[in-house]
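Position 785 of the sequence shown, counting from 1, maps to 785 under full-length UniProt numbering, and the rest follow consecutively.
Report on the structure given below.
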Amino acid sequence: MKIEPHSNVLLHHYSSNISHLPTGGTRLLIDGRTCLLQNDHDPSKLIGETPCKLLRYLVADDSHIDADTPYAEVEVMKMCMPLLSPASGIIHFRMAEGQAMQAGELIARLDLDDPSAVRKAEPFTGSFPILGPPTAISGKVHQKCAASLNAARMILAGYEHNIDEVVQILATRLPKDLRIELEAKYKEFEINSSSQNIDFPAKLLKGILEDHLFSCADNEKGALERLVEPLMSLVKSYEGGRESHAHKIIQSLFEEYLSVEELFSDNIQADVIERLRLQYKKDLLKIVDIMLSHQGVKSKNKLILRLMDKLVYPNPAAYRDQLIRFSQLNHIIYSELALKASQLLEQTKLSELRSSIARSLSELEMFTEDGENIDTPKRKGAINDRMEDLVSAPLAVEDALVGLFDHSDNTLQMRVVETYIRRLYQPYLVKGSIRMQWHRSGLIATWEFLEEYVERKNGVEDKTLVEKHSEKKWGVMVVIKSLQYLPAIISAALREATNNFHDALKSGSVDSNKHGNMMHIGLVGINNQMSLLQDSGDEDQAQERINKLAKILREHEVGSIIHAAGVGDISCIIQRDEGRAPMRHSFHWSAEKLYYEEEPLLRHLEPPLSICLELDKLKGYENIRYTPSRDRQWHLYTVVDTKPQPIQRMFLRTLLRQPTTNEGYSAYQRVDAETSRTQLDMSFTSRSIFRSLMGAMEELELNSHNTTIKSEHAHMYLYVLREQQVDDLVHYSKKINIDAGQEETTVETILEELAQEIHSSVGVRMHRLGVFVWEVKLWITACGQANGAWRVIVNNVTGHTSTVHIYREMEDATTHKVVYSSVTVKGPLHGVPVNENYQPLGVIDRKRLAARKSSTTYCYDFPLAFQTSLEQSWSIQQTGVQRAKDKDLLKVTELKFSEKEGSWGTSLVPAECPPGLNDVGMVAWLMEMCTPEFPSGRTILVVSNDVKFKACSFGPREDAFFRAVTDLACAKKIPLHR
């Protein structure tokens, strides 16, 4: 069924075709859809189905026969076949033996034992619903609005309609036509509205109606109230203005959608229907309406998404309660809708965060009875503490701060810019170096930072640790309202920066020719020239803004001045309207082109943060797609490994900021009860990493429907900004005593236990989402030889099993590059440069990924599964049996044919070779394991199919290999596991 755009009737202008089936009934085709109208079912009439000849009776006339009993024999195309009775009863023949008949002629009648078996069509005695006369829709706004609103409700009821028409008309609704009683005021409104943009005079019209009702006679008041009730309802809906009226309409549509779809969210449809049957026993048509509405969920989702884009996006805070309900819909058919609702909710949180920051930094909270007694130094200290809280808050503080760059309070504006700088340069900033001054074109801020932040108060004599000499550089930020002021304020800012560093330049400690200095340009204000483009999120408009800035930077005069000052990177931050994140673009000096050109990889991110996120390691890929998380704490980069077969990969990066307190801005974080219970037994560092990983997995789940983002192989990277002490790595109830000279091995053990503890909580969920590697970089301090940068790399093999590798960052004495360095056992990345580009997936990783797609485990991952199971068995055993310290928990030896072309009769021999090089579709291992039941050790044989070897084909060599494994198990009298 299809609702035509300009009709009130249910079926209108459809093409139909009716055909009659020989035995089934009538098939009705309406717009390509089939409806079968079955014939009456009457088993009391025994009718011939095809032209034939009745040869003889098989039962006596007027006798009783059972169902499916042959009652006569006929000849069809020189073949004899029996006719079966469809029901039981007494038969009365109506046709003589030897008589020819046509299809449909009566052979006999049955007096049925069960007369209720006859089903006949009965005349319809009810009445059709009153549809009313067709409505002619003119070009008047209120009529088009009413028709579109009605069409939207029909879509939500499960019918089809052109969604573009509905949303387009709903966006321009303003009913103007009132009755004759209000004609004078209406004409006045028309005249005024044609010359200027004014709101609908709802309050005035409501007053006229109420005065008229009050002045009329009592015996006429009831009739008049009923007469003007539609008008009163209309003006009441507009009483809060057009926006209020729009909110009520959209909220009613949202409520209509949620009232149905919340029933099916995370529930089995059959269970929902059963509950509805119990709830609406006396109104079964209500169940039909609900199911019909749910069947059109795809069209309904499109309508709601369009309404969110067109009408909710400018002001999502007005729909907060319903957006929360949308985000909680838990089924794959609602995934895109839930993601959109979550993104709009984050916009409301950004507005709330901006307001909270403004109150916190403006000292408004200090003007209380207690705050009046605080002296000036204490107030400054309190403001500084609040700024530090913002610097460490794991929220989208940068975006909220940019929204306050143009605040009318100059003191607050300076504090906001200082907080922004301190947050960007948290690992690099030289304390107390920020200076600010006002220019006629805007605000100028300068500061000092360390170009290489690797000199971290190590205090050790081992010079192989990363202790690069860090040089001081300077940074400058200008905040302006129009790009026409840019050349003038840049010159003033560079003079200010070079004057502040004049002494350093004289001493040679700062070399501007190395181009390590930074410049940030903040474009703010709603009335500036750049903001005249009504920003609707369109990429073309955004690119037009950047093109204007790029053109200025390419000018020889401006570019040469900036380059001569040693500025290597320029960041541009463009402020946008309320609730929307700012745009960021970065420009890097090109030695070939001799001007500043945009760096696509650093788009949406400030250059200082990109260094910590190690984005340079992604430069080996082309066509990198960027997606921010809802809270903009995670940055998602999607790439494609092209050889040998395309594999979509994702690299997730985040800067892990650990709040200094558990109060204040931590209230904006999403932490459920189950997650909170899990964190109770974790250390401070583990808890921070766990929360961040949970947020990343939520983003992956919400984007699981998006094929352009959904990855087959994901890698997560976390950089912990705050320096960690050993006490941060263990639970507060544990005390760690580190012997002198054992700092490195102790920290390595602690980090390995920390990684395994976290992985036990997130591994299975990660594996389901395709996360195969997660990596953490952190700095250890106050721990002697263990001071410095550490890396924790966890390979998520099966979700339940994992491998953990701990590295230190060391400087290679030959190449002078920073490399991964294992402490005890050498890991696969030992000696590899830290900044080396990510490599395509190896053979084992590709086979492991292919096995996961087949919902199975790669065969070479089974030994690790045995190892993990043994460790768990020993950890929970309570028999008091002690494990032998000098004996390995598991020793695995792979078995192969003794001959290269082994077949039947070939024996098996131990082989030392890398995994994945098998030439047979089966793999076998000899395993020596220590279990709580056999602490001295026992030996078993394990054999497995390799599902990725020749598409899991099973031939003669595989049969021979399995026979050889079986013979070996029998000969050694050891268990064989398959």
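Note that beta-carbon positions come from the ideal geometry of N, C-alpha and C, so glycine has one too.
Since the model is a prediction, treat every value here as computed from it, not as a measurement.
Tell me, which residues are paired with residue i by DSSP?
i: residue 757; result: Answer is none; residue 757 lacks a bridge partner.
i: residue 897; result: 908
i: residue 37; result: 26
i: residue 833; result: 819
i: residue 79; result: 76
i: residue 928; result: 891, 939
i: residue 449; result: 429, 473
i: residue 705; result: Looking at the DSSP assignment, residue 705 forms no beta bridge with any residue, so it has no partner.
i: residue 648; result: 640
i: residue 47; result: 106
i: residue 697; result: Paired residues: none, contrary to the question.
i: residue 944; result: 923
i: residue 119; result: 41
i: residue 791; result: 777, 807
Using a 10 Å radius around the Cβ and a threshold of 16 neighbouring Cβ atoms, would you call residue i buried or exposed?
i: residue 961; result: buried
i: residue 360; result: buried
i: residue 933; result: exposed
i: residue 406; result: buried
i: residue 115; result: exposed
i: residue 807; result: buried
i: residue 344; result: buried
i: residue 871; result: exposed
i: residue 60; result: exposed
i: residue 48; result: buried
i: residue 724; result: buried
i: residue 855; result: exposed
i: residue 707; result: exposed
i: residue 128; result: exposed
i: residue 812; result: exposed
i: residue 268; result: exposed
i: residue 438; result: exposed
i: residue 625; result: exposed
i: residue 719; result: buried
i: residue 529; result: In this predicted model, residue 529 has a pLDDT of only 40, less than 50, meaning its place in the structure is not dependable; the value taken from the coordinates is given anyway. Exposed: under 16 other Cβ atoms inside 10 Å.
i: residue 659; result: buried
i: residue 592; result: exposed
Return the chain-ordered list of same chain residues with a C-beta closer than 8 Å to the C-beta of residue i, the five sequence neighbours on each side being excluded.
i: residue 891; result: 927, 928, 929
i: residue 649; result: 638, 639, 640, 641, 711, 712, 713, 714, 715, 841
i: residue 516; result: 451, 471, 473, 566, 568
i: residue 273; result: 287, 291
Can you name, in chain order, every residue of its own chain whose Cβ lies under 7 Å from the Cβ of residue i, other than the five neighbours on each side?
i: residue 770; result: 711, 712, 713, 714
i: residue 21; result: Any reading at residue 21 is ruled out, since the residue's pLDDT is 47, under 50, leaving its predicted position unreliable.
i: residue 277; result: 287
Tell me which residues share the same chain as residue i and place their Cβ nearer than 6 Å to its Cβ, disregarding the 5 neighbours each side in the sequence.
i: residue 90; result: 64, 111
i: residue 652; result: 634, 636, 696, 716
i: residue 488; result: 441
i: residue 602; result: 586, 610
i: residue 829; result: 820
- prompt: At what residue ranges does the stretch 567 to 624 contain a whole run of the beta strand (DSSP E), taking only runs of 3 or more?
  reply: Taking only runs of at least 3 residues, the beta strand (DSSP E) segments lying wholly in the stretch 567 to 624 are 567 to 574, 583 to 590, 595 to 598.
message: Taking contact to mean 3 or more Cβ pairs, one atom from each stretch, closer than 8 Å, check whether the stretch 549 to 563 and the stretch 586 to 602 are in contact.
response: Yes, the stretch 549 to 563 touches the stretch 586 to 602.
message: Is it the case that the stretch 71 to 85 contacts the stretch 118 to 127, given that we only count it when at least three CB pairs across the two stretches are under 8 Å?
response: Result no; under three Cβ-Cβ pairs closer than 8 Å.
- request: State whether the stretch 835 to 847 contacts the stretch 616 to 623, with contact taken as three or more CB pairs (one from each stretch) at a distance under 8 Å.
  value: Contact between the stretch 835 to 847 and the stretch 616 to 623 is present, with at least three C-beta pairs closer than 8 Å.
Cβ pair count under 8 Å reaching 3, the stretch 278 to 293 against the stretch 146 to 159: With the rule of 3 Cβ pairs closer than 8 Å, the stretch 278 to 293 counts as touching the stretch 146 to 159.
message: For the structure I just gave you, are there three or more beta carbon pairs, one from the stretch 819 to 831 and one from the stretch 901 to 915, closer than 8 Å?
response: Between the stretch 819 to 831 and the stretch 901 to 915, the count of C-beta pairs closer than 8 Å stays below three; the two stretches do not touch.
- request: Could you tell me which uninterrupted alpha helix (DSSP H) segments, each at least 4 residues in length, are contained entirely in the stretch 708 to 788, listed from first to last along the chain?
  value: The qualifying runs are 726 to 729, 743 to 768.
message: Does the contact criterion of 3 or more C-beta pairs under 8 Å hold for the stretch 730 to 743 versus the stretch 377 to 384?
response: At 8 Å Cβ cutoff, the stretches do not touch.
- prompt: Of all the alpha helix (DSSP H) runs that stay within the bounds of the stretch 302 to 373, which reach a length of 4 or more residues?
  reply: For the stretch 302 to 373, whole alpha helix (DSSP H) runs of length 4 or above, ordered along the chain, are 320 to 327, 335 to 361.
message: Three or more C-beta pairs under 8 Å: does that hold for the stretch 729 to 739 against the stretch 756 to 773?
response: Taking one beta carbon from each stretch, the stretch 729 to 739 and the stretch 756 to 773 have fewer than 3 pairs nearer than 8 Å; the two do not touch.
message: Closer than 8 Å is the cut-off here; do at least three beta carbon pairs connect the stretch 252 to 263 with the stretch 316 to 329?
response: Judged by Cβ distances under 8 Å, the stretch 252 to 263 makes contact with the stretch 316 to 329, as three or more pairs qualify.
- prompt: Are there three or more Cβ pairs, one per stretch, closer than 8 Å when the stretch 45 to 59 is compared with the stretch 96 to 109?
  reply: Yes, since at least three Cβ pairs between the stretch 45 to 59 and the stretch 96 to 109 fall closer than 8 Å, the two stretches touch.
- request: Only counting runs of 4 or more residues, tell me where the alpha helix (DSSP H) segments fall wholly within the stretch 247 to 279, in order along the chain.
  value: Within the stretch 247 to 279, the complete alpha helix (DSSP H) runs of at least 4 residues are 269 to 279.
message: Counting beta carbon pairs with one atom in the stretch 857 to 872 and one in the stretch 964 to 974, are three or more of them shorter than 8 Å?
response: No, the stretch 964 to 974 is not in contact with the stretch 857 to 872.
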